[in-house]
Amino acid sequence: MLFEQLKRKEAKISVIGLGYVGLPLAIELAKVYDVIGFDINQSKIQKYLDGIDVTGEVGNEAVKQTAIRFTSDEKDLKACKFHIVAVPTPIHSDKTPDLNPIIRASETVGRNLAKGSIVVYESTVYPGTTEEICVPILEKVSGLAYGKDFKVGYSPERINPGDKIHTLTNITKVVSGSDPAALQEISAVYRSIIHAGVFEAESIKVAEAAKVVENSQRDINIAFMNELAMVFDRMGIDTKAVLEAAGTKWNFLKFTPGLVGGHCIGVDPYYFIYKAQQLGYHSQIILAGRKINDDMGKFVGTSVIKQLIKAEQEIIGARVAVLGFTFKENVPDVRNTKVIDVIRELEEYGIQPIVYDPLAESEEVYEEYQIRLAGLDEVKELDAIVFAVPHNELLETFPLEVLEQLYRSGKKVLVDVKSVFDRKACEERGFLYWSL
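In this note's numbering, each number is its position in the sequence shown, counted from 1, plus 289.
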């Protein structure tokens, strides 16, 4: 068995793509096996070699102590017989799947694929991608025969960035293989590091589908909350208060409204929608949920303007601070952040927001969005504050008693996107408070 070779360190494991998914996985695998960590981003590899965790998922100490061999030289993959592909699967501007990263990763693996190898994909894809797109690439580039010379599997990543409770090792791992022998090998490898155990899906397509269903379900539930928030806003009802009351029933699903961005929930449903359309089915619920969530940044931005008008503030040139820019709290990842939609809406009204986020990388934000992150000393003399992303660090830096000192007048507009502050406490302090 290949698993036995890996245990004896007679063969190596590669993890291709060392981001929020690949790095934690490689770290755990390296506690048991010889692991090559590969990424095409040379600056990222150098950071890891310097002991710096650019993802914030495992911490610098774990990177310093790991036995992973970090590399951007694909030739190092030739020593591996168990490959795990964990590259991003984004979407194009027209919301169709962008499979270029997984195609390029498959080509890279194919150029360095040895007989007797197994290739496992963790990247989120629509059902059929592994066998219909990735396998033909592996065969063509390697010159090897699928099923005879190499096998494949699919094990969807379930990383929740920033979550220190539901981590890689204590979330059940769904695994699948191209045949029973491949499944046995793949299960054995993952079972050796996943304390919560593995679930063997009956096919690769089932495992692929399970992943897009997980994220689509969450997306739809949040969309429902967002729609409620927009209606309750018109009614003058506090959404948080409604959800607290409804949540007293045992079978009420506890979701909250918010900006849905990032590289998973805000993207993955489009993979399912795309595949459904290929088969002649027009998705209704999933597509409707996506539209609601995609429009929430604009809604929040417009709500800021309405609050400024209520406060009788000048709109053009208003000093508005946006606190938090990443796609969710307590992570540095700015990919597909919906905070940018809030900012763009404010810009439409002649406002240049002061954007502050201690976790985001300034260079990355400017390169991707042409937004300059402000320094802490620039967050002052404000007309309105948009608490967009409640990082723990931001909550510690800006408690209410500090926030109220940052305004240039007594008309203190506070837009609390995720309802992290108590409405009554805010109103008692004189804030003109609004939340989803």
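Here a beta-carbon is modelled for each residue, glycine too, at the ideal position from N, C-alpha and C.
Check: Got a sec, what are the start and stop residues for the alpha helix (DSSP H) I574 sits in?
Finding: Residues 574-583.
Practice problem: Could you give the DSSP three-state label for V343: helix, strand or coil? | Solution: DSSP places V343 in coil when its eight states are reduced to three.
Review point. Taking Cβ positions, are N401 and L427 nearer each other than 8 Å?
Key: Cβ atoms of N401 and L427: not closer than 8 Å.
inquiry  = Suppose you measure from the CA of F710 to the CA of G551; what does that come to, to the nearest Å?
reply    = Those two C-alpha atoms are separated by around 24 Å.
Discussion item. Which same chain residues end up closer than 8 Å to E693 when comparing Cβ atoms and leaving out the 5 residues on each side of it in sequence?
Written reply: Around E693: K701, R718, G719, F720.
| query | Hey, out of G590, V678, L648, A673, whose CA is closest to G664's CA? | reply | Ranked by how close their Cα comes to the Cα of G664, the residues G590, V678, L648, A673 have L648 in first place.
- Message: Between which residues of its own chain and A356 is the CB-CB distance below 6 Å, once the five residues before and five after are set aside?
- Response: Excluding positions up to five away in sequence, the list reads A319.
Going by other Cβ atoms of all chains shown within 10 Å of its Cβ, with 16 needed for buried, is K707 buried or exposed?
-> By the neighbour-count rule (16 or more Cβ atoms within 10 Å), K707 is buried.
Item checked: Bridge-paired residues (DSSP) for F327 -> Listed as beta-bridge partners of F327 by DSSP are I305, T360.
Check each candidate in G311, I325, P313 and name the one with the smallest Cα separation from L295. Measuring from the Cα of L295, the nearest candidate turns out to be I325.
### Task
Between the Cα of G606 and those of D672, N681, Q473, spot the shortest distance and give me the residue it belongs to.
The shortest C-alpha separation from G606 is found at D672.
Check your understanding: In or out: S382 buried (at least 16 other Cβ within 10 Å) or exposed?
Key -> Looking at its Cβ environment, which holds fewer than 16 other Cβ atoms inside 10 Å, S382 is exposed.
Cutting at 6 Å between CB atoms, please list the residues of its own chain near D696, excluding the five before and the five after it. In the sequence on display, residue 696 carries Tyr and not Asp. For Y696, where only same-chain residues beyond five positions count, the Cβ hits under 6 Å are L671.
**Study point:** Beta-carbon contacts of I594 that lie in its chain and below 7 Å, excluding the five residues immediately before and after
**Key:** Excluding five sequence positions before and after I594, the CB atoms of its chain that fall closer than 7 Å to its own CB belong to I604, Y638, given in chain order.
**Report entry** Environment of S592 [buried if 16+ CB atoms lie within 10 Å]
**Finding:** Within 10 angstroms of the beta-carbon of S592 lie 16 or more other beta-carbons, which makes it buried.
Query raised in the report: From this set, V549, D557, F614, which residue's C-alpha is nearest N582's C-alpha?
Result: The residue among V549, D557, F614 with its C-alpha nearest the C-alpha of N582 is V549.
Please identify the residue among K364, I380, S332 whose C-alpha is closest to the C-alpha of G399. Answer by Cα proximity: K364.
Cβ shell of E317 (< 7 Å), same chain only, five flanking positions each side left out: Counting only Cβ-Cβ distances below 7 Å, and skipping sequence neighbours, we find L457, T458, I482.
Q: Can you check DSSP and say which residues form a bridge with L721?
A: According to DSSP, which records beta bridges pairwise, L721 is partnered with V702.
S431: first and last residue of the uninterrupted alpha helix (DSSP H) it sits in
Annotation for S431: the continuous alpha helix (DSSP H) segment containing it runs 424-431.
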